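One structure below.
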Amino acid sequence: MKELVMIIRPEKLEEMKKILDEIHCGGMTLSSVMGCGTQKGSIQENGVNEIKGLKTTINLLPKIRVEVVVDDKDVEPVIMKVRQTCATNHVGDGKIFVRNIEEAVRIRTGERGTDAL
């Protein structure tokens, strides 16, 4: 099993949910996050951004963090579909991180491994 942590543009969320539904992903965790990568965030002409009405010089952009755990066989298909769907070919499209998962346990039933997904 692998955990995929995907940081995407907020406007790509609905497309991401469709991708995960297509592979019958058992669940996902979503978080609204702020961050920057190589683009260093968006900078206004005067060098000051506003986050929720507060002026700041921290150059962070809103992103969505999507976390899923999938069977090993689903990793590459998910990565390929996410790249095809979420890429705009501009800096700031996001990242996908892949982590090993040793075990999963469904609390309600005690199912383990991929059965718990």
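All residue numbers for the sequence shown refer to the working numbering, where the first residue is 285 and numbers rise by one.
In this text, a Cβ means the ideal position worked out from N, Cα and C, and glycines have one as well.
Since this is a predicted model, take the numbers as computed values, not measurements.
Using the Cα positions of residue i and residue j, report the straight-line distance between them to the nearest angstrom.
i, j, result
"isoleucine 307", "alanine 400", "16 Å"
"valine 375", "threonine 393", "44 Å"
"arginine 396", "leucine 345", "38 Å"
"alanine 371", "isoleucine 303", "14 Å"
"glycine 319", "glycine 378", "10 Å"
"alanine 388", "lysine 357", "16 Å"
"arginine 390", "aspartate 305", "20 Å"
"isoleucine 363", "asparagine 343", "28 Å"
"arginine 367", "glycine 321", "17 Å"
"asparagine 373", "lysine 301", "20 Å"
Excluding the five sequence neighbours on either side, which residues of its own chain have a C-beta within less than 6 Å of the C-beta of residue i, listed in chain order?
i, result
"arginine 349", "Ile291, Ser315, Val317"
"glycine 310", "Leu401"
"glutamate 299", "Thr369"
"lysine 296", "Cys370"
"glutamate 351", "Val289, Thr313"
"arginine 383", "Glu287"
Provide the residue(s) that pair with residue i in DSSP beta bridges, ordered along the chain.
i, result
"leucine 314", "Val350"
"methionine 290", "Val350, Ile380"
"valine 402", "Look at the range of the chain in this structure, 285 to 401, and you will see that residue 402 is not part of it."
"valine 389", "Arg396"
Taking residue i as the reference, give the member of the options with the closest Cα.
i, options, result
"threonine 398", "Ile380, Val382, Phe381, Val354", "Val354"
"phenylalanine 381", "Glu360, Ala388, Cys309", "Glu360"
Could you pull out every residue in the same chain whose Cβ sits closer than 7 Å to the Cβ of residue i, ignoring the five residues on either side in sequence?
i, result
"isoleucine 385", "Met285, Lys286, Glu287, Val353"
If residue i sits next to residue j, beta carbons under 8 Å apart, how far is it from one beta carbon to the other, in whole angstroms?
i, j, result
"lysine 365", "arginine 293", "In fact, because the Cβ distance is near 16 Å, the residues do not count as touching under 8 Å."
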